[in-house]
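Heads up: the sequence shown is residues -24 to -1, 1 to 526, going by mature numbering (1 follows the signal peptide of the UniProt record, and there is no 0).
A virtual CB, placed ideally from N, CA and C, is assigned to each residue, including glycine.
Given the structure is predicted, the values throughout are model-derived calculations rather than measurements.
This report refers to the structure that appears directly beneath it.
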Amino acid sequence: MSHNYFSLSFLFLFLLLATQPCHRILTEAAGGGRWQLLQKSIGITAMHMQLLNNDRVVIFDRTDFGISNLSLPEGQCRDDPNELVIKTDCTAHSAEYDALTNKFRPLRVLTNVWCSSGAVTPDGRLIQTGGFNDGERQVRVFSPCSSTNCDWQEVGNGLKARRWYATNHILPEGNQVIIGGRRQFSYEFYPKTGAADLYSLPFLVQTDDRNIENNLYPFVFLNVDGNLFIFANNRAILFDYKLGKVVKTYPEIPGGDPRSYPSTGSAVLLPLKKLQATNIEAEVLVCGGAPKGSYVQAKKGNFVKALDTCGRIKITDPNPKWTMENMPHSRVMGDMILLPNGNVLIINGASAGTAGWEFGRNPVLNPVLYNPDKAIGSRFESLNPTTIPRMYHSTAILLRDGRVLVGGSNPHIYYNFTGVLFPTELSLEAFYPPYLDSQNNNLRLTIVSPASKAKIGYAQKLLVRFKVAGRLDTNTVSVTMIAPSFTTHSFSMNQRLLVLENEKVTNVGTATYNVEVTAPRSPNIAPPGYYLLYVVHQDIPSEGIWVQIV
């Protein structure tokens, strides 16, 4: 990175601090990684993002922000008599970003997608559900295409209940479950299954704080036994969604502070390993959030310091217990992204306040790397800071080449660019984790085969061929697969990393090798669909390829 880049970065920070004395920006001396501004403006703020199998990212915010800075194609408008702000709107509130060409184009949504949720079907379509006002029971489908003609298709009243701030998860059967939402203590499926359309979930009543809630956008992960781990507020259960039965109740996270919206921490299911074993271990990591009462205090103008703790729990243990750790600094509204080498990137957010309009303070500009395989006390590493605060309504997702796409930030009811602490942010950045540093080029492998979008069966033996520029250490080669996430409000839904069992690495030519691995044995471990496959060497991942588990 050039000297001029650092000079401009720190000049920006100095000017921002000097002109905004009523808040501070949290940054610190840090390690690796670098930032690149991709687009100064895509015309909308990136409240929701999903990477599709053509390397394009579907982005959207909400339709009642007012007019956006991205026009729909000539002649197109959205006429909506139910709209609360503009009845006839000729601007876009969704966009498709091409990560390969760094170009974007407008998309047209017909109803309000504000604070909604989604998941990708096994055949690669994005199913997006719910929202606000006339969008609260809608289902919207986006089918990826190689042209620029694909756009949103809407299914009216595709949901049984209003879903606003809900969570979606792909199931082993290939359909998806939609859980919770504001004042919705239930779950349902899409497409519909069985005789009933709506199923009660009392756990959401039990974790609901009156007038504050703190159980919205619950953290949901498919456990390796086929049940759902559901975390809301400060507690979690293991839930059999077929029988509607709580299988296990986990202990409250130590300290008892809430971690889900609006206290808004984040969570990941840590990498799954030994996938052919009969007793695979699964661990969940929950980081950040806001202490009890923070939301009420923020309404009064008192912005409480965010939590700096992470809780880690083996959800497959017969007697599971939380292990607590401390992050380098406090963080609320942070995103947690699984990287191809199994590390977790914690990025975006603030060190005080909560989620909600104008309720966050003290942006945290430094991403943090978490290595789950190191000993407690040495797992966190602070990385180089961005210059752009990413507050409420920010997002981050992994791209196929290993970069992390970062966008969003709008803590205002409308687009607001002047006279505010944190102006509406329309830019897109890429964060390059340290494994993308040029000094690692000789270690980085290049996948030769299988071909992109190859179909893989469960428990199938898979031969992955790759090339290496430098010397290969066969003992450090692994193959990982990642299910891309639907990310919004600091939670990456459906995010999942699998470490495939490596049987042997063999040399088959000049700087060319084969590694034989075994695909996951069950859809409980890896639901059907598209995944990014990487070969990792000495902690440095290759560029990924798309594969489809069928």
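Tell me whether the segment 425 to 444 and the segment 53 to 60 touch, counting them as touching only if at least three CB pairs, one residue from each stretch, are closer than 8 Å.
no
Grouping DSSP H, G and I as helix and E and B as strand, with all else coil, what is Tyr141?
As a first step, residue 141 is located in the sequence shown; it is residue number 165 there, counting from the start. In the structure shown, Tyr141 adopts coil according to DSSP, grouped into three states.
N-terminal and C-terminal residue of the alpha helix (DSSP H) that Gln273 is part of:
Numbered from its first residue, the sequence shown carries residue 273 at position 297. Note, Gln273: alpha helix (DSSP H), Ser270 to Lys275.
Where the beta strand (DSSP E) through Gln152 begins and ends:
Within the sequence shown, numbered from 1, the residue matching residue 152 stands at position 176. Gln152 to Ile155 is the span of the beta strand (DSSP E), which, as asked, contains Gln152.
Quick one: grab the DSSP three-state call for Pro178.
Along the sequence shown, read from residue 1 onward, the residue named residue 178 stands at position 202. Three-state result, Pro178: helix.
Measuring only the C-alpha atoms, how far is Pro227 from Ala212?
Sequence index remark: in the sequence shown, residue 227 carries index 251 (1-based). Sequence index remark: in the sequence shown, residue 212 carries index 236 (1-based). Taking the straight line joining both Cα atoms gives about 7 Å.
Using the three-state DSSP reduction, which class does Thr422 fall into: helix, strand or coil?
Here residue 422 refers to the residue found at position 446 of the sequence shown. Residue state, collapsed to three classes: strand.
Residues of its chain near Glu405, where Cβ-Cβ distance is below 8 Å and the 5 sequence neighbours each way are ignored:
Mapped onto the sequence shown, residue 405 falls at position 429. The answer, listed in chain order, is Trp11, Gln12, Leu13, Leu14, Thr362, Ile364, Leu381, Val382 and Gly383.
By DSSP's criteria, Trp90 is part of a beta bridge. Which residues make up the other side?
Walking along the sequence shown from the start, residue 90 turns up at place 114. DSSP lists no bridge partner for Trp90.
Should Gly265 be counted as a contact of the ligand ATP given a C-beta to heavy atom distance under 7 Å?
With respect to the ligand ATP, the structure shown offers nothing to examine, as it has no ligands at all.
Return the chain-ordered ranges of every beta strand (DSSP E) run that is complete within the segment 432 to 516 and spans a minimum of 3 residues.
437 to 444, 453 to 459, 462 to 464, 467 to 469, 472 to 485, 488 to 494 and 505 to 513
Please list, in chain order, all residues of the same chain as Ile323 whose beta carbon is under 6 Å from its beta carbon, the five residues on each side excluded.
Walking along the sequence shown from the start, residue 323 turns up at place 347. Listed in chain order, the non-local C-beta contacts of Ile323 below 6 Å within the same chain comprise Asp311, Pro343 and Ala372, local neighbours out to five positions each way being set aside.
Take the Cβ of Tyr390 as the centre, count every other Cβ of all protein chains shown within 10 Å, and call the residue buried at 16 or more, exposed below.
One-based indexing of the sequence shown puts residue 390 at position 414. Tyr390 comes out exposed.
Quick one: is His513 buried, meaning 16 or more other Cβ sit within 10 Å of its Cβ, or exposed?
Taking the sequence shown and counting its residues from 1, the one referred to as residue 513 is at position 537. Here His513 is buried. Its C-beta has 16 or more other C-beta atoms within 10 Å.
Got a sec? Which residues, its chain only, sit under 6 Å from Ile43 by beta carbon, not counting five neighbours each side?
As a working mapping, residue 43 is identified with position 67 in the sequence shown. Counting only Cβ-Cβ distances below 6 Å, and skipping sequence neighbours, we find Thr67.
Helix, strand or coil: how does DSSP classify Pro(-4) here?
As a position in the sequence shown, residue -4 is number 21, starting the count at 1. Its pLDDT being 38, under 50, Pro(-4) is placed unreliably in this model, and the coordinates cannot settle the point.
Is it right to say Gly336 is buried, meaning 16 or more other beta carbons lie within 10 angstroms of its own, or is it exposed?
As a working mapping, residue 336 is identified with position 360 in the sequence shown. Its Cβ being crowded by 16 or more others within 10 Å, Gly336 is buried.
Drop a sphere of 10 angstroms on the beta-carbon of Ser17, count the other beta-carbons inside from all chains shown, and report buried for 16 or more, exposed for fewer.
On the sequence shown, residue 17 is found 41 positions in, with the first residue counted as 1. Label assigned to Ser17: exposed.
6 Å CB neighbourhood of Trp298 in its chain, flanking five on each side removed:
Locating residue 298 in the sequence shown gives position 322, where the first residue counts as 1. For Trp298, where only same-chain residues beyond five positions count, the Cβ hits under 6 Å are Ile229, Pro230, Gly287 and Ile289.
Using the C-alpha atoms, what's the distance from Pro387 back to Trp128?
Residue numbering aside, residue 128 sits at position 152 when the sequence shown is read from its first letter. Residue numbering aside, residue 387 sits at position 411 when the sequence shown is read from its first letter. Cα to Cα, Trp128 sits roughly 26 Å from Pro387.
Would you identify the three-state DSSP class for Asp184, choosing helix, strand or coil?
Within the sequence shown, numbered from 1, the residue matching residue 184 stands at position 208. Residue state, collapsed to three classes: coil.
Any idea which residues DSSP pairs Phe165 with across the strands?
As a first step, residue 165 is located in the sequence shown; it is residue number 189 there, counting from the start. Answer by DSSP bridge pairing, in chain order: Val153.
Check whether the segment 96 to 104 touches the segment 132 to 152, taking contact to mean three or more Cβ pairs, one atom from each stretch, closer than 8 Å.
Result yes; three or more Cβ-Cβ pairs closer than 8 Å.
What does the alpha-carbon distance come out to for the pair Tyr271 and Phe398?
As a position in the sequence shown, residue 271 is number 295, starting the count at 1. As a position in the sequence shown, residue 398 is number 422, starting the count at 1. Taking the straight line joining both Cα atoms gives about 19 Å.
Extent of the continuous beta strand (DSSP E) run through Lys16:
Here residue 16 refers to the residue found at position 40 of the sequence shown. From DSSP, Lys16 is part of no beta strand (DSSP E); its letter is neither H nor E.
Since residue 527 is in the beta strand (DSSP E), which residue starts that stretch and which ends it?
With the chain represented from -24 up to 526, any question about residue 527 goes unanswered, as that position is not in the structure.
Since Glu112 contacts Arg138 with CB under 8 Å, what's their CB separation in whole angstroms?
For this step, residue 112 is matched to residue 136 along the sequence shown. For this step, residue 138 is matched to residue 162 along the sequence shown. Correct: roughly 4 Å between the Cβ atoms.
Assuming Tyr510 and Leu448 are in contact, meaning their beta carbons sit under 8 Å apart, how far apart are those beta carbons, in whole angstroms?
On the sequence shown, position 534 is the one that residue 510 refers to. On the sequence shown, position 472 is the one that residue 448 refers to. With a Cβ gap of about 16 Å, Tyr510 and Leu448 do not count as contacting.
Whole-angstrom distance between Ala71 and Leu46, CA atom to CA atom
For the purposes of this step, residue 46 is identified with residue 70 of the sequence shown, where counting begins at 1. For the purposes of this step, residue 71 is identified with residue 95 of the sequence shown, where counting begins at 1. Rounded to whole angstroms, Leu46 to Ala71 spans 9 Å at the Cα level.
Taking the beta carbon of Leu174 as the centre, do at least 16 other beta carbons fall within 10 Å, making it buried, or is it exposed?
For the purposes of this step, residue 174 is identified with residue 198 of the sequence shown, where counting begins at 1. So Leu174 counts as exposed.
Are the Cβ atoms of Gly202 and Asn500 separated by less than 8 Å?
Position 226 of the sequence shown, counted from the first residue, corresponds to residue 202. Position 524 of the sequence shown, counted from the first residue, corresponds to residue 500. Closer than 8 Å, so yes.
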